[in-house]
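In mature numbering (1 follows the signal peptide of the UniProt record, and there is no 0), the protein residues as written are -26 to -1, 1 to 279.
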């Protein structure tokens, strides 16, 4: 998700206080990492790539927020399909094979509950998005569990659970981390990326001074713990994330890094991207390969052996 004034202020404050975290080790450079451009920037600023995801067939889709388009790219980076969704954000495949996309189409009006989730069939010759969920705030990251429940990183409302019928589970969501409700564990705000790893939900916060990834048990969303601090002791603004393997995460930062972190050992390695990253997806057929969206609009391919 794009930077906020609060996020920039947090980054500046972190540089001043030189904050150290006892839960993380300093990251090293990832071995044998290679960064290539899958698709170059289409239109500066307007081409902003907010999120990336692979569908059930292994095709890569990207959301172009300012263009209100969701695009499918082939392995050479060519656009092979384009679907209109108002100001799309996060994108994720559902257990049913459809693609789901968060939308903050009316948030510029200042209304706090007009965010939506759209869904469409990626295999259709002319996909027709339809509304799946209403009543969200500023929905961003999106992920599904094996039972078909969706989880949303809502920058304004917090972490939300959406039931398979499209209704928000308000009881569960009220117990999950909330926006502007910091604790010793929730050391930031602006809930952003979400990723499901078995019975655990990992959540990033744009403004966390340590680049903290929260660990939220799906059965007990109030029992929040530290997953890993991916930028401590240095400041950094984390965006979206993906699960590489159980307990192993790939995190994108708007300071231009891809960070591969192990939540058990708290060790991580870093790939310097050369431009601010917004999102990351793991190739389902090769977990050493990642697709990343960027603020400038380019889509990157990164391999980490």
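Backbone N, C-alpha and C fix where the C-beta goes; we use that ideal spot for every residue, glycine too.
Computed from a predicted model, the values in this text were never measured in an experiment.
The alpha helix (DSSP H) spanning residue i covers which residue range?
i: residue 149; result: 144 to 149
Looking at the unbroken beta strand (DSSP E) that takes in residue i, where does it start and where does it end?
i: residue 269; result: No beta strand (DSSP E) contains residue 269, which DSSP labels as neither H nor E.
i: residue 243; result: 242 to 246
i: residue 118; result: 113 to 118
i: residue 109; result: 104 to 110
i: residue 67; result: 62 to 67
i: residue 93; result: 89 to 94
i: residue 128; result: 124 to 128
i: residue 42; result: Run containing residue 42: none; DSSP gives neither H nor E here.
i: residue 197; result: No beta strand (DSSP E) holds residue 197; DSSP gives it neither H nor E.
i: residue 175; result: 174 to 179
i: residue 261; result: That residue, residue 261, is in no beta strand (DSSP E); it is neither H nor E in DSSP.
i: residue 23; result: 23 to 28
i: residue 166; result: 165 to 171
i: residue 133; result: 132 to 136
i: residue 186; result: 186 to 191
Just the C-alpha distance for residue i and residue j, rounded to the nearest angstrom, thanks.
i: residue 272; j: residue 65; result: 17 Å
i: residue 206; j: residue 184; result: 5 Å
i: residue 72; j: residue 124; result: 13 Å
i: residue 265; j: residue 259; result: 13 Å
i: residue 70; j: residue 246; result: 36 Å
i: residue 211; j: residue 187; result: 11 Å
i: residue 21; j: residue 76; result: 18 Å
i: residue 38; j: residue 279; result: 29 Å
i: residue 176; j: residue 27; result: 17 Å
i: residue 151; j: residue 49; result: 37 Å
i: residue 60; j: residue 157; result: 34 Å
i: residue 181; j: residue 162; result: 5 Å
i: residue 143; j: residue 5; result: 42 Å
i: residue 78; j: residue 240; result: 34 Å
i: residue 263; j: residue 32; result: 13 Å
i: residue 137; j: residue 255; result: 24 Å
i: residue 174; j: residue 189; result: 7 Å
i: residue 134; j: residue 17; result: 33 Å
i: residue 113; j: residue 148; result: 16 Å
Between the options, which lies nearest to residue i when the distance is taken from Cα to Cα?
i: residue 34; options: 40, 45, 168; result: 45
i: residue 57; options: 194, 4, 97; result: 97
i: residue 192; options: 107, 100, 146, 221; result: 146
i: residue 89; options: 24, 70, 110, 1; result: 110
i: residue 29; options: 278, 252, 68; result: 68
i: residue 219; options: 1, 25, 261, 155; result: 261
i: residue 164; options: 115, 10, 54, 238; result: 115
i: residue 221; options: 213, 236, 122, 102; result: 236
i: residue 41; options: 63, 12, 263, 102; result: 63
i: residue 2; options: 117, 234, 269; result: 234
i: residue 106; options: 140, 127, 200; result: 140
i: residue 277; options: 257, 120, 131; result: 257
i: residue 52; options: 12, 23, 172; result: 12
When DSSP labels each residue in this structure, what does residue i get in the three-state scheme?
i: residue 277; result: strand
i: residue 34; result: strand
i: residue 215; result: strand
i: residue 78; result: coil
i: residue 282; result: It is not possible to answer for residue 282, since the shown part of the chain is limited to -26 through 279.
i: residue 230; result: coil
i: residue 10; result: strand
i: residue 208; result: coil
i: residue 253; result: strand
i: residue 223; result: strand
i: residue 2; result: strand
i: residue 72; result: coil
i: residue 236; result: strand
i: residue 202; result: strand
i: residue -6; result: Confidence at residue -6 is low in this model, with a pLDDT of 39, below 50, so its placement is unreliable and the value that follows should be read with caution. Correct three-state label for residue -6: coil.
i: residue 358; result: Any answer about residue 358 is impossible in this case: the structure gives the chain only from -26 up to 279.
i: residue 265; result: strand
State yes or no: is the beta carbon of residue i nearer than 7 Å to at least one beta carbon in chain B?
i: residue 223; result: Absent from the structure is chain B; it holds one protein chain and no more.
| query | Do the region 240 to 254 and the region 209 to 229 touch if we need at least three Cβ pairs shorter than 8 Å? | reply | Pairwise C-beta distances place the region 240 to 254 in contact with the region 209 to 229, as three or more of them are shorter than 8 Å.
| How about the region 198 to 205 and the region 162 to 170: do they share at least three Cβ pairs that are nearer than 8 Å? | The region 198 to 205, when compared against the region 162 to 170, does not touch it at the 8 Å Cβ threshold.
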